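Peer 1: Structure incoming, see below.
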Amino acid sequence: MLGSFIVVTGGDSRYCPLIRELIASLRALKPAADCPIGVIDAGLTAGQIAELKAEGAAVVTPPWPVSIPAHKLRNRIHLKANLAKLHLPTYFPGYDTVIWIDADAWVQDWEAVEMLRRGAALNRFAIVAQFGRFSETELRLDWLFGRFARVRSILYKNSSRAGLTTAECRALATRPTLNAGAYALKSDAPHWEAFQRWQKRVLRKGRLFTSDQLAMAGAIYLDGLPVELLPEWCNYIGPWRFDPERRELVEYYLPNRRLGIVHMAGEDAMRADPSVLRPVLDMQDRTHQLSLRYPAWEVPAVERVAEGV
């Protein structure tokens with residue numbers, strides 16, 4: 025039994041259109057009764073909160089989970105969502121499993137949500153790691169001279185900046201980054217306490233924006249808590265390809281599986297402006313200028329029923 029679950033996202037007023045698109049993608053696949061949705065208010069307007077509640081979402085305005093100095097915060101209230109991601113059972117109690125999906129992502133295939141639930145049901149942290157055949161590089165290095173190089177991986181840089189010990193930084197240096205844009209975990213899993221403990225530690229000196237990923241890495245790679253690494257299509261960040269016949273985004277390489285969660289990480293201009301397009305290859309490697317946002321790929325309800333989607 026996978027048990028009850030809730031899908032949670034969050035953001036500020038600028039991200040509200042993306043939040044609503046994520047909700048629309050979920051509602052196109054499952055009705056509200058079958059997929060509860062929660063939203064972390066990290067700077068939404070009163071009107072936006074009312075709209076989200078009218079769409080059936082449970083909106084929570086949490087306090088800052090840890091004390092952040094004003095000079096470090098710099099009015100970036102939207103980062104409250106990043107910090108709150110590690111405290112979700114506190115804000116959305118009563119569910120066996122909590123699933124987080126970033127607002128700049130949307131669900132194309134419900135099977136990705138099921139995979140997240142199945143991973144969590146194994147008492148593991150279900151998440152996608154950023155490495156493998158879709159990554160241009162496995163490890164970034166700064167070459168110094170001859171055969172000597174300095175490691176410049178995301179986890180090494182962030183752990184060094186956060187003041188972790190040399191041994192901890194080295195242990196994290198070659199580990200793949202866990203993509204915090206989509207994950208699932210049982211509400212009573214020991215991981216939450218570990219995430220929060222690491223969060224407090226890394227925020228003493230580290231960056232707010234990447235603190236969630238570093239806290240997760242500490243709990244998984246240094247504490248050794250169990251993880252279930254899911255396939256990339258469960259939280260896909262590119263490279264991009266689409267199938268014109270099926271009218272859907274697919275994995276770049278064979279077998280070109282339909283993407284489960286489309287994550288627009290790094291697509292800053294597109295996230296801010298739905299009219300922005302980017303090059304996407306079709307199945308014959310022809311380039312098209314397309315949007316990755318959900319409305320560009322939304323299948324009308326009548327067609328979904330006819331196609332059995």
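Using this note's numbering, read the sequence shown as starting at 25 and increasing by one per residue.
All C-beta atoms, glycine included, are put in the ideal place defined by N, C-alpha and C.
From a predicted model like this one, the values you see are computed outputs, not experimental measurements.
Does DSSP put Leu97 in a helix, a strand or coil?
Peer 2: Taking the sequence shown and counting its residues from 1, the one referred to as residue 97 is at position 73. Looking at Leu97 - three-state DSSP - the assignment turns out to be helix.
Peer 1: Between the alpha carbons of Val300 and Gln313, how many angstroms are there, rounded?
Peer 2: Counted from its first residue, the sequence shown places residue 300 at position 276. Counted from its first residue, the sequence shown places residue 313 at position 289. Val300 and Gln313: Cα-Cα distance of roughly 9 Å.
Peer 1: Are Trp257 and Tyr276 closer than 8 Å when you measure CB to CB?
Peer 2: Numbered from its first residue, the sequence shown carries residue 257 at position 233. Numbered from its first residue, the sequence shown carries residue 276 at position 252. No.
Peer 1: Compute the distance between the beta-carbons of Val131 and Asn259, then report whether it is under 8 Å.
Peer 2: On the sequence shown, residue 131 is found 107 positions in, with the first residue counted as 1. On the sequence shown, residue 259 is found 235 positions in, with the first residue counted as 1. For Val131 and Asn259, no; Cβs fall outside 8 Å.
Peer 1: Can you tell which of Ala144, Arg157 and Leu305 has its C-alpha closest to the C-alpha of Leu209?
Peer 2: The count along the sequence shown starts at 1 and reaches residue 209 at position 185. The shortest Cα separation from Leu209 among Ala144, Arg157 and Leu305 belongs to Ala144.
Peer 1: So what's Glu79 in DSSP terms, helix, strand or just coil?
Peer 2: Within the sequence shown, the letter at position 55 stands for residue 79. Reduced to three states, the DSSP call for Glu79 is coil.
Peer 1: With H, G and I counted as helix, E and B as strand and the rest as coil, what does DSSP make of Thr201?
Peer 2: Taking the sequence shown and counting its residues from 1, one reaches residue 201 at position 177. Three-state DSSP puts Thr201 in coil, outside helix and strand.
Peer 1: Could you tell me whether the Cβ atoms of Ala195 and Leu227 are closer together than 8 Å?
Peer 2: Walking along the sequence shown from the start, residue 195 turns up at place 171. Walking along the sequence shown from the start, residue 227 turns up at place 203. Their beta carbons are not under 8 Å apart, which means Ala195 does not touch Leu227 by this criterion.
Peer 1: With DSSP as the reference, label Met25 as helix, strand or coil.
Peer 2: Start at 1 with the first residue of the sequence shown, and residue 25 comes out as number 1. Met25: coil per DSSP, three-state reduction.
Peer 1: What residues are listed by DSSP as bridge partners for Thr121?
Peer 2: On the sequence shown, residue 121 is found 97 positions in, with the first residue counted as 1. Looking at the DSSP assignment, Thr121 forms a beta bridge with Phe29 and Lys210.
Peer 1: Within the 8 Å Cβ cut-off, does Ile47 reach chain B?
Peer 2: Protein chain content of the structure displayed is limited to a single chain, and chain B is not contained in it.
Peer 1: Would you decide whether Pro200 is buried or exposed? Buried here means 16 or more other CB atoms lie within 10 Å of its CB.
Peer 2: To locate residue 200, count along the sequence shown from 1; it is residue 176. So Pro200 counts as buried.
Peer 1: Expressed to the nearest angstrom, what Euclidean distance is found between the alpha-carbon atoms of Lys77 and Thr85?
Peer 2: Here residue 77 corresponds to residue number 53 of the sequence shown, with the count starting at 1. Here residue 85 corresponds to residue number 61 of the sequence shown, with the count starting at 1. Cα-Cα distance, rounded: 13 Å.
Peer 1: Out of Asn147, Asn280 and Leu232, which one is the CA nearest neighbour of Asn106?
Peer 2: Translated into positions along the sequence shown, residue 106 becomes position 82. Minimum Cα distance to Asn106 is reached at Leu232.
Peer 1: So, using beta-carbon positions, are Ser183 and Cys193 closer together than 8 Å?
Peer 2: Position 159 of the sequence shown holds residue 183. Position 169 of the sequence shown holds residue 193. Closer than 8 Å, so yes.
Peer 1: When you compare each of Tyr318, Leu53 and Gly156 to Asp133 by their alpha carbons, which one comes out closest?
Peer 2: By one-based count along the sequence shown, residue 133 stands at place 109. The residue with the shortest Cα to Cα distance from Asp133 is Leu53.
Peer 1: Pull up the distance between the alpha-carbon of Val90 and that of Asp309, whole angstroms please.
Peer 2: Working through the sequence shown from its first residue, we reach residue 90 at position 66. Working through the sequence shown from its first residue, we reach residue 309 at position 285. One C-alpha to the other measures close to 48 Å.
Peer 1: Within its chain, find whatever has a CB closer than 8 Å to the CB of Arg185; leave out the 5 residues flanking it on each side and keep chain order.
Peer 2: Here residue 185 refers to the residue found at position 161 when the sequence shown is read from its first residue. These residues qualify, in order along the chain: Lys229, Gly230 and Arg231.
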